[in-house]
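One structure below.
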């Protein structure tokens with residue numbers, strides 16, 4: 004018969020403000036051994052204090068991720084977890100009264116509830132009562148559509164729907180900051196946990212200021228769809244940088260694309276003025292996949308500039324990777340038929356086969372950031388929540404991918420690429436489809452078993468020699484302008500055409 008879980012009583016929950024906003028839990032008796040708030044990709048540890056016959060657990064709501072600056076914790080549902088000295092999870096006896104929902108301006112909104120006998124803390128974007136909710140957003144959108152804004156010499160950036168400040172928009176931001184520091188830069192972010200570049204201003208999506216700047220900035224730079232709420236003014240230009248060269252089919256080229264999706268694709272296409280292509284191949288794909296007749300700038304990819312100019316040692320330190328360890332980056336694309344992380348590669352077994360001389364970084368696609376959970380295993384580090392994948396390319400000694408566009412970025416580095424594709428036939432024939440046959444031209448081995456992959460990773464020098472010519476041909480086709488100066492070229496064109504002043 005299983006013994007009942009030990010019980011700890013929580014009789015007080017208080018949300019505190021000040022320089023270090025926190026949630027404080029208190030209770031009688033002996034303190035738990037550990038106390039934390041836990042979400043799928045974020046753990047907020049508590050500072051435990053014994054107060055005679057009582058205990059207190061203070062959970063700061065400002066955290067440092069990846070040794071970065073203190074920022075508000077990510078939005079999400081956090082379970083309140085207490086553990087005993089033997090590591091077992093304790094049962095929580097909740098207080099008779101819970102705190103009212105509380106807005107911490109510029110930080111987060113806190114709601115403490117109980118569910119299934121446990122405590123849950125919900126953190127969300129710090130929107131005011133006038134901004135939060137469907138009716139309030141509809142009112143703000145109506146005002147935005149009716150407003151006659153004056154043009155603002157500013158750039159509105161958004162990357163992956165505001166989940167981070169990264170990719171091509173980030174590189175263009177940095178170039179504008181260097182070349183024209185007088186131009187205001189704003190970033191659309193989902194919440195205050197998203198770090199924006201130095202000198203830029205974060206705009207919480209849905210806030211009054213977000214709506215205002217979205218309607219007045221002369222230039223909008225995005226790397227994905229703008230979604231339905233945009234009403235472009237006559238003085239506004241949209242630069243769609245996209246977020247990768249394509250092996251897999253997209254937009255109108257996709258297998259079994261429905262009528263509604265096709266209509267949505269064409270509607271979105273109509274919002275773009277300029278498309279950024281990494282190479283001549285991408286230019287042609289964009290023209291066909293989006294039936295795009297506007298301007299396509301073929302300047303290389305700004306996000307890959309850092310691969311030739313960045314500081315790999317600093318990124319290794321930020322990730323906590325010791326020197327002398329070989330770094331492998333596993334970065335699969337998402338799957339249309341599943342929302343969470345792709346787990347075709349048994350990373351725990353893979354890491355075990357390679358031993359302590361290697362560390363495997365797992366980078367899930369941006370679409371799996373919210374629904375997925377971090378993978379934990381010896382010599383494995385889940386970096387799906389790391390803000391900028393380009394920095395991961397910089398520190399990786401080799402890339403393992405499947406059908407992701409990262410294959411076209413990583414070859415800028417000249418380092419080995421491996422393709423782990425156990426579902427190749429299904430993906431190519433039924434799920435998505437390819438623009439070209441990968442196997443004959445791949446710049447690295449295409450494998451389907453963990454053992455074969457581990458063996459080839461250990462034999463990197465021989466792999467380099469075997470794929471020298473294919474790697475060279477790949478770079479000539481897909482990386483002809485990735486020379487470390489793509490962002491500067493893009494910004495110079497924006498200035499020359501008067502799109503920013």
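Numbering (our numbering), first residue to last: 4 to 504.
For each residue, glycine too, the CB sits at the ideal point set by N, CA and C.
From a predicted model like this one, the values you see are computed outputs, not experimental measurements.
Sequence-distant residues of its chain with Cβ nearer than 7 Å to residue 95 (five each side left out)
Position 92 of the chain shown holds residue 95. Cβ within range, chain order: 11, 13, 83, 85, 121, 122.
Given a cut-off of 9 Å, decide if residue 178 and residue 494 are closer than it, judged by their beta-carbon atoms.
Counted from its first residue, the chain shown places residue 494 at position 491. Counted from its first residue, the chain shown places residue 178 at position 175. Cβ distance < 9 Å, so residue 494 and residue 178 count as in contact.
Count Cβ pairs between the stretch 64-79 and the stretch 32-51 that sit closer than 8 Å; are there 3 or more?
yes
When 114, 173, 68, 99 are compared against residue 18, the one with the closest alpha-carbon
Taking the chain shown and counting its residues from 1, the one referred to as residue 18 is at position 15. The residue with the shortest Cα to Cα distance from residue 18 is 114.
For residue 212, which residues of its own chain have a beta-carbon under 6 Å away from its beta-carbon, when the five flanking residues on both sides are left out?
On the chain shown, position 209 is the one that residue 212 refers to. So the qualifying residues of the chain are 206.
Based on the DSSP secondary-structure assignment, which residues constitute the bridge partners of residue 30?
Position 27 of the chain shown holds residue 30. 58, per the DSSP bridge assignment.
Whole angstroms is fine: what's the gap from residue 198's alpha carbon to residue 129's?
By one-based count along the chain shown, residue 198 stands at place 195. By one-based count along the chain shown, residue 129 stands at place 126. The straight-line gap from Cα to Cα measures roughly 15 Å.
Quick one, which of 20, 32, 22 has its alpha-carbon nearest residue 9's?
Numbered from its first residue, the chain shown carries residue 9 at position 6. The candidate whose alpha carbon is nearest that of residue 9 is 32.
Can you tell which of 302, 308, 279, 425 has its C-alpha closest to the C-alpha of residue 295?
For this step, residue 295 is matched to residue 292 along the chain shown. Cα-wise, what sits closest to residue 295 is 279.
Distance between residue 166 and residue 99 (C-alpha atoms, nearest Å)
Here residue 99 refers to the residue found at position 96 of the chain shown. Here residue 166 refers to the residue found at position 163 of the chain shown. Using only the alpha carbons, I get a separation of about 36 Å.
Just verifying my parser: in three-state terms, what is the DSSP assignment at residue 282?
Here residue 282 refers to the residue found at position 279 of the chain shown. Note: residue 282 maps to coil in three-state DSSP.
DSSP beta-bridge partners for residue 243?
Against the chain shown, residue 243 aligns to sequence position 240. In DSSP, residue 243 forms a bridge with 225, 278.
Who are the Cβ neighbours of residue 505 in its own chain at under 7 Å, not counting the five residues just before and after it?
The structure shown has nothing for residue 505, since the chain only spans 4 to 504.
Would you list the one or two residues that DSSP bridges to residue 333?
In the chain shown, counting from the first residue as 1, residue 333 sits at position 330. DSSP, once it has assigned bridges, lists 365, 403 as partnering residue 333.
Quick one: Cα of residue 61 to Cα of residue 119, how far?
By one-based count along the chain shown, residue 61 stands at place 58. By one-based count along the chain shown, residue 119 stands at place 116. Straight-line Cα distance between these residues: approximately 23 Å.
First through last residue of the beta strand (DSSP E) which encompasses residue 79
Counting from 1 along the chain shown, the entry for residue 79 is found at position 76. It spans 79-86 - the beta strand (DSSP E) in which residue 79 sits, taken as one unbroken run.
Contact belief for residue 302 with residue 484 at Cβ below 8 Å, rounded distance in angstroms
By one-based count along the chain shown, residue 302 stands at place 299. By one-based count along the chain shown, residue 484 stands at place 481. Indeed, because the Cβ distance is near 6 Å, the residues count as touching under 8 Å.
Mind listing, in chain order, the continuous alpha helix (DSSP H) runs of no fewer than 4 residues lying wholly within the stretch 413-466?
Whole alpha helix (DSSP H) segments, 4+ residues: 441-444, 453-461.
Contact check, residue 285 vs residue 226, beta carbons under 9 Å:
Along the chain shown, one-based indexing puts residue 285 at 282. Along the chain shown, one-based indexing puts residue 226 at 223. No, Cβ-Cβ distance for residue 285 and residue 226 is not below 9 Å.
Let me confirm a value: residue 500 is counted as buried when at least 16 other C-beta atoms fall within 10 Å, else exposed. Which label applies?
Position 497 of the chain shown, counted from the first residue, corresponds to residue 500. Answer is exposed; the Cβ neighbour count stays below 16.
Hey, would you say residue 321 sits closer than 9 Å to residue 173, going by beta carbons?
Stepping through the chain shown from its first residue, residue 321 is reached at position 318. Stepping through the chain shown from its first residue, residue 173 is reached at position 170. Contact: no.
In its own chain, which residues sit with a C-beta less than 6 Å from the C-beta of residue 497, not counting the 5 before and 5 after it?
The residue labelled residue 497 in the question sits at position 494 within the chain shown. When the five nearest sequence neighbours on each side are left out, the beta carbons in the same chain lying within less than 6 Å of the beta carbon of residue 497 are those of 503, in order along the chain.
Coil, strand or helix - residue 483 by DSSP:
Translated into positions along the chain shown, residue 483 becomes position 480. The answer is coil: DSSP assigns residue 483 none of H, G, I, E or B.
With 16 as the cutoff for other CB atoms within 10 Å, does residue 394 come out buried or exposed?
Counted from its first residue, the chain shown places residue 394 at position 391. Buried: at least 16 other Cβ atoms inside 10 Å.
For residue 367, does the count of other Cβ atoms within 10 angstroms reach 16, so buried, or fall short, so exposed?
Residue numbering aside, residue 367 sits at position 364 when the chain shown is read from its first letter. With 16 or more Cβ atoms within 10 Å of its Cβ, residue 367 is classed as buried.
Given a cut-off of 9 Å on the beta-carbon distance, is the pair residue 463 and residue 415 in contact?
To locate residue 463, count along the chain shown from 1; it is residue 460. To locate residue 415, count along the chain shown from 1; it is residue 412. No, they are not a contact pair.
Beta-carbon within less than 6 Å of residue 116's beta-carbon, same chain only, minus the 5 sequence neighbours each way: which residues are those?
Within the chain shown, the letter at position 113 stands for residue 116. Closer than 6 Å at the Cβ level, and outside the excluded window around residue 116, lie 123.
Tell me which residues share the same chain as residue 232 and place their Cβ nearer than 7 Å to its Cβ, disregarding the 5 neighbours each side in the sequence.
Counting from 1 along the chain shown, the entry for residue 232 is found at position 229. Only residues of its own chain outside the window of five on either side were considered, and among them 144 have a CB closer than 7 Å to the CB of residue 232, listed in chain order.
Cutting at 7 Å between CB atoms, please list the residues of its own chain near residue 352, excluding the five before and the five after it.
Your numbering for residue 352 matches position 349 in the chain shown. Excluding sequence neighbours, residue 352 sits near 453.
Please name the residue, chosen from 59, 50, 55, 57, that lies closest to residue 536 on a Cα-to-Cα basis.
Because the chain in this structure spans residues 4 to 504, residue 536 falls outside the shown range and cannot be described.
CA-to-CA distance, residue 410 to residue 253, given in whole angstroms
Within the chain shown, residue 253 is the residue found at index 250, counting from 1. Within the chain shown, residue 410 is the residue found at index 407, counting from 1. Each residue's Cα considered, the two are about 16 Å apart.
Hey, residue 451 and residue 407: beta-carbon distance below 9 Å or not?
Mapped onto the chain shown, residue 451 falls at position 448. Mapped onto the chain shown, residue 407 falls at position 404. Going by C-beta atoms, residue 451 is not nearer than 9 Å to residue 407.
Beta-carbon separation (whole angstroms), residue 266 vs residue 298, contact threshold 8 Å
Here residue 266 refers to the residue found at position 263 of the chain shown. Here residue 298 refers to the residue found at position 295 of the chain shown. Contact flag wrong, Cβ pair sits at about 24 Å.
Mind checking who residue 38 pairs with in its DSSP beta bridge?
On the chain shown, residue 38 is found 35 positions in, with the first residue counted as 1. In DSSP, residue 38 forms a bridge with 85.
Helix, strand or coil, according to DSSP, for residue 1 in the structure here?
Outside the modelled stretch of the chain, which goes from 4 to 504, sits residue 1, for which no answer is possible.
Should residue 433 go down as buried or exposed, given a rule of 16 or more other Cβ atoms within 10 Å for buried?
For the purposes of this step, residue 433 is taken as residue 430 along the chain shown, with counting starting at 1. The residue in question, residue 433, is exposed, as its Cβ has fewer than 16 Cβ neighbours within 10 Å.
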